[in-house]
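Quick note: the sequence shown uses my numbering, first residue 863, plus one each step.
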Amino acid sequence: MVEWTAEERAAIQGVFNKLDYESVGRESLTRCLVVYPWTRRYFGGFGNLFNAEAIMANPKVAAHGIVVLQGLEKALKNMDDIKNTYASLSEFHSVKLQVDPVNFQLLSDCLTVVIATRLRTEFTPDIQAAWQKFLAVVVSALSRQYH
Ligand code: HEM
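Here it is in C-alpha cells:
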C-alpha cells in the first residue's frame, strides 16, 4: 500500500483546491493531443482534432477534460485505495478503448505542465514531488488491468 505523509496529503489537496477543472482539463488534454499527436487516434468520435486551434476550440475536448479531472478527484477522495478505486476505469481503458498505457504518463505530464503555469511560484519542488507521486500512483492503478 502507498503511504502518504500529512504534508503530501495537504499538498495534493491544495493543488486540487486551486484547479479550475474546465480550463485546466481542456488545456491538459489539448496539450496531450498536440504534443503527442498519436493520442488523437483514440478520440475518433470527437470530430475535428486537426491542429492546436481546432483542438482547443473543440467542445468534446473541453467536456472530456472535465471528465478526466473528475476521475482524478475520485483518486483524491480514495487516496488510500486508488488501485481498487480505479479497477473498472483501468479495465475500460484497456479492454474497451485499448489505450496504450504509456499514454497515461504523457497526459499526466501535460497536466503537471498546465498546473505549473497556473500555480507558478506556489508550485514548489515539494508540492511538485507530492503531486507527481499522486499521479504516479494513478498511472500505475490505471495500467493495472494490462498486467
Ligand atoms: C474516458 C479518465 C487517460 C482516452 C475516460 C473517462 C474517465 C477517464 C473518467 C470516462 C469513463 C467512463 O465514461 O466511464 C482518465 C484519466 C487518465 C486518462 C484519469 C489519466 C490521467 C487517458 C489517455 C487516453 C484516454 C492517456 C488516450 C490517449 C480515453 C477515451 C475515453 C476515456 C478515448 C472515452 C471518451 C469518450 O468517448 O467519451 N477517461 N483517462 N484516457 N479516456 Fe481516459
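C-beta atoms are modelled at their ideal positions from N, C-alpha and C, and glycine is treated no differently.
DSSP places Asp971 within a helical segment (H, G or I) once states are collapsed to three. Minimum Cα-Cα distance from Ala868 among the listed residues Ala992, Val999 and Arg1006 corresponds to Ala992. For Val929, the shortest C-beta to heavy atom distance toward the ligand HEM is below 8 Å. Annotation for Phe912 indicates a beta carbon at 8 Å or more from all heavy atoms of the ligand HEM.
Runs of alpha helix (DSSP H) with 4 or more residues, each lying fully within the stretch 910-972, are found at 914-919, 921-939, 944-947 and 949-953, listed in chain order. Around the beta carbon of Gly927, a 10 Å sphere encloses 16 or more other beta carbons of the protein chains shown; the residue is thus reported as buried.
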